[in-house]
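A.B. asks: One line per chain: the protein sequences are Y and C, in this order. Per the working numbering, the first sequence runs over residues 206 to 481. Per the working numbering, the second sequence runs over residues 394 to 642. Using N, Cα and C, we set each Cβ at its ideal position, and we do this for glycine too. Remember, it's a predicted structure, so these values are computed and weren't measured experimentally.
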Amino acid sequence: MAEERWRLSQAYRIPLEGPEKLDLRRYAGRLFLLAATHLGRAAYLVFEIIRGIPEWRVWVPRTWEQAYQVGVGSLFIVLLTAAFAGGVTSLQAGYQFTGTIPVYFAAGVITQSLILELGPVLTALILAGRVGARYAAELGTMRVTEQIDALESLGRSSVSHLLIPRVLAGTLMLPVLVIFADVVGIFSGWMAARHTLDISNYDFVYGARYFFRPYDLWYSLLKSFFFGIAVTLVPCYMGFNTGKGAEGVGKATTGAVVSASVLILFLDALLSELLL
Amino acid sequence: MIRLIEVHKRFGDNIVLDGVNFEVQRGETVALLGPSGVGKSVLLKHINGLIHPDMGEVYVDGQLVPLLTRRELQTLRTKIGYVFQFGALFDSLSVFENIKLGITDPECSGDDHYCRLRVQECLDLVNLSPFTADKYPADLSGGMKKRVGIARAIAGKPTYLLYDEPTSGLDPVNADIIDALIEKLQGELGVTSVVVSHDVRGSFRVGNRIALLSEGKIRKVGTADELRDSEDQAVRQFLERDFGSAVVE
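(1) Between residue 578 of chain C and residue 233 of chain Y, what straight-line distance do the alpha-carbon atoms span, to the nearest angstrom?
(2) Is the CB of residue 359 of chain Y under 7 Å away from at least one CB in chain C?
(3) What are the boundary residues of the beta strand (DSSP E) that residue 614 of chain C is part of?
(4) Could you check how far apart the C-beta atoms of residue 516 of chain C and residue 544 of chain C are, in whole angstroms? I think they sit under 8 Å.
(5) Taking 7 Å as the threshold (beta carbon to beta carbon), is residue 475 of chain C in contact with chain Y?
(6) Start and end of the beta strand (DSSP E) containing residue 557 of chain C?
(7) Alpha carbon to alpha carbon, what distance is there between residue 439 of chain C and residue 598 of chain C?
(8) How many Å lie between residue 413 of chain C and residue 492 of chain C at the Cα?
(9) Once you ignore the five residues that flank residue 437 of chain C on each side, which residues in its own chain have a CB closer than 6 Å to its CB?
(10) Going by other Cβ atoms of all chains shown within 10 Å of its Cβ, with 16 needed for buried, is residue 619 of chain C buried or exposed?
(11) Rounded to whole angstroms, how far is the Cβ of residue 373 of chain Y from the Cβ of residue 279 of chain Y, which I believe are closer than 8 Å?
(12) Can you pull the DSSP bridge partners for residue 401 of chain C?
(13) Whose C-alpha, out of C:547, C:433, C:505 and C:479, is nearest the C-alpha of residue 612 of chain C?
(14) Measure the C-alpha to C-alpha separation of residue 444 of chain Y and residue 427 of chain Y and round it to an integer number of angstroms.
(15) For the beta strand (DSSP E) containing residue 586 of chain C, list its first residue and its last residue.
(16) Can you tell me whether residue 425 of chain C is helix, strand or coil according to DSSP?
(17) Any beta carbon of chain Y sitting closer than 7 Å to that of residue 483 of chain C?
(18) Using a C-beta to C-beta distance shorter than 8 Å, which residues of chain C count as neighbours of residue 351 of chain Y?
(19) How would you write the range of the alpha helix (DSSP H) that residue 649 of chain C sits in, first residue to last?
(20) When you measure from the CB of residue 603 of chain C to every non-hydrogen atom of the ligand NAP, does any distance come out below 6 Å?
(21) For residue 606 of chain C, write down the residues that DSSP places opposite it in a beta bridge.
(22) Please go through the same chain and pick out, in chain order, the residues whose beta-carbon is closer than 7 Å to the beta-carbon of residue 293 of chain Y, but skip the five residues on each side of it.
(23) Quick one: which chain Y residues come within Cβ less than 8 Å of residue 495 of chain C?
(24) Mind checking which residues open and close the alpha helix (DSSP H) that includes residue 489 of chain C?
(25) Who does residue 395 of chain C pair with in a DSSP beta bridge?
(26) Determine, for residue 626 of chain C, whether the minimum Cβ-Cβ distance to residues of chain Y falls below 7 Å.
(27) So which residues on chain C does residue 421 of chain Y lean against when the C-beta distance must stay under 8 Å?
(28) By the criterion of Cβ-Cβ separation under 8 Å, what are the contact partners of residue 241 of chain Y in chain D?
(29) To the nearest whole angstrom, what separates the beta carbons of residue 585 of chain C and residue 553 of chain C, a pair I think is in contact under 8 Å?
(30) Nearest by alpha-carbon distance to residue 266 of chain Y: which of Y:230, Y:371, Y:442 and Y:328 is it?
(31) Which residues, in order along the region 355-381 of chain Y, keep a beta-carbon less than 8 Å from a beta-carbon of chain C?
(32) Can you tell me which of the three DSSP states residue 192 of chain Y falls into?
(33) To the nearest angstrom, how far is the alpha carbon of residue 438 of chain Y from that of residue 341 of chain Y?
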């Protein structure tokens, strides 16, 4: 018990001679302060990124390198996931729709699910794991090995060299990857529907076009753009503010993936409410 | 000239600097001694603005560092070479690219041949072969990493050089090589230097003056002889390990 009290007192900086009972107000206050600190730091980082935009000679070449790594590097896993998502959506549509509603409705469900939800959300979640973890680990390692300080001490801006290229590359490449994911997902859904629903090509195309609105595509791209910001900005922030040592890098990486994923789900709900 | 006046810095509950007064004249080398974790590196990072003081003033060339704008600070930093404790080399870049980042000459931005020559010049100054330029930090030994770190720091032809534990983690032979290198650069480049260390012998060798940081304050500043003759118990205790009975009797 005494050991537990000591551990809590160290974790939350509470004096050992403090009250026996849990002081919820104190914990709530500390949590609020922690949240406010992170929010303030993140806002400052965004401000620094905006201030670094005029240094385009520094960040443009690095953005191309990063965009290539994010785009080409993630293409295989994104397309694989989209293909399975399209196929499974089709199989489930077949299971639910057969004999109840016209089969061309299934084509609408498959295409709309992929364009509005599965394409952007699954791609963003994959990138949160693949790119977000990499960004947080890279920047975190650079922070603990003083490479970021070294860059600053050479009179170079770490924001223009490290952050702007990463944030911009991820934000621009995510919508591109989503377009590829949508196309491959719909195609695999189409092929699966032909097998499970016995739907003709004509009926599938008819159903897909019947429910399609050009706004859906814009919505999907707009959503991907916001997801792109979440997938890159959160890990960059976590990596940039990494604590000491290997444990700090590990925590930053895990925190980056979890926070970016939660933010994606939150943005998904918010944008659906605002834009649909 | 570098001048710190009543500098205070704390991290959470930990008071690191508690009213530090420190001065380095143009052209001199001051070795800053002190036990591990006393705040020597923190003090050094105040000089090039990597850390801002909670209270107090830091002047470099008459400029109040904490009040400089981002651009002014970047310009000031090009005049201050900083050698990091563990090299802090960019591990995704080759030695050539690492040193190139330190070069501030405008000619270097478009002329690769000029850059190569400047990088070779820097490698030569730190006694490394030109072939090192194409290697990556992972391929270098600890001593070579330190020397590449020094080469990167001097690439911008700085007025000031700040060394953060340049010999820590090195064997005595390599530590001597680095100490000799610091002396050589001092002579050839005429830079003003601050060498943070807990290696007493090395500090006595490279420093024109020695300062001892203890309990958040500069405990003693003076020449090697003045420190040896000091009656201050903290100074004597610190020197005891390296100079043994000669100091403590």
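C.D. replies: Let me spell this out:
(1) When rounded, the distance between both Cα atoms is 56 Å.
(2) Cβ-Cβ to chain C under 7 Å: yes for residue 359 of chain Y.
(3) In this chain, the beta strand (DSSP E) harbouring residue 614 of chain C covers 610-615.
(4) With a beta-carbon spacing of about 6 Å, residue 516 of chain C and residue 544 of chain C fall inside the 8 Å limit used to define contacts.
(5) For residue 475 of chain C, the closest Cβ of chain Y is nearer than 7 Å.
(6) Counting along the chain, the beta strand (DSSP E) containing residue 557 of chain C begins and ends at 553-557.
(7) Spanning the two alpha carbons is a distance of roughly 25 Å.
(8) When the Cα atoms are used, residue 413 of chain C and residue 492 of chain C turn out to be separated by approximately 33 Å.
(9) Closer than 6 Å at Cβ, skipping near neighbours: 555, 557 and 589.
(10) Counting Cβ neighbours within 10 Å, residue 619 of chain C comes out exposed, since fewer than 16 surround it.
(11) At roughly 16 Å, the Cβ-Cβ gap does not stay under 8 Å, so residue 373 of chain Y and residue 279 of chain Y are not in contact.
(12) Paired residue(s): C:411 and C:448.
(13) Comparing Cα positions, the closest option is C:433.
(14) Between residue 444 of chain Y and residue 427 of chain Y, the C-alpha separation is close to 26 Å.
(15) That run of the beta strand (DSSP E) goes 585-590.
(16) In this structure, residue 425 of chain C counts as strand in the three-state DSSP scheme.
(17) Answer yes: the Cβ-Cβ gap between residue 483 of chain C and chain Y drops below 7 Å somewhere.
(18) Chain C residues near residue 351 of chain Y: 477, 478, 479 and 481.
(19) It is not possible to answer for residue 649 of chain C, since the shown part of chain C is limited to 394 through 642.
(20) Absence of the ligand NAP from the depicted structure is noted, as is the absence of any ligand whatsoever, leaving it without description.
(21) Residue pairing of residue 606 of chain C in beta bridges, as defined by DSSP: C:611.
(22) Same-chain partners within the cutoff: there are none.
(23) Simply 359.
(24) Counting along the chain, the alpha helix (DSSP H) containing residue 489 of chain C begins and ends at 488-495.
(25) Answer is C:417 and C:453.
(26) Under the Cβ distance rule, residue 626 of chain C does not count among the residues neighbouring chain Y, no pair being separated by less than 7 Å.
(27) From the beta-carbon of residue 421 of chain Y, no residue of chain C is found nearer than 8 Å; the closest lies around 41 Å away.
(28) In the structure shown, chain D does not exist; the protein chains are Y and C.
(29) The distance from the Cβ of residue 585 of chain C to that of residue 553 of chain C is about 5 Å, consistent with a contact at the 8 Å cut-off.
(30) Taking only the C-alpha atoms, the option nearest residue 266 of chain Y is Y:371.
(31) Answer in chain order: 355, 356, 357, 358, 359, 360, 361 and 362.
(32) No answer is possible for residue 192 of chain Y: it lies beyond the span of chain Y, which begins at 206 and ends at 481.
(33) If I take the Cα positions, the gap works out to 10 Å.
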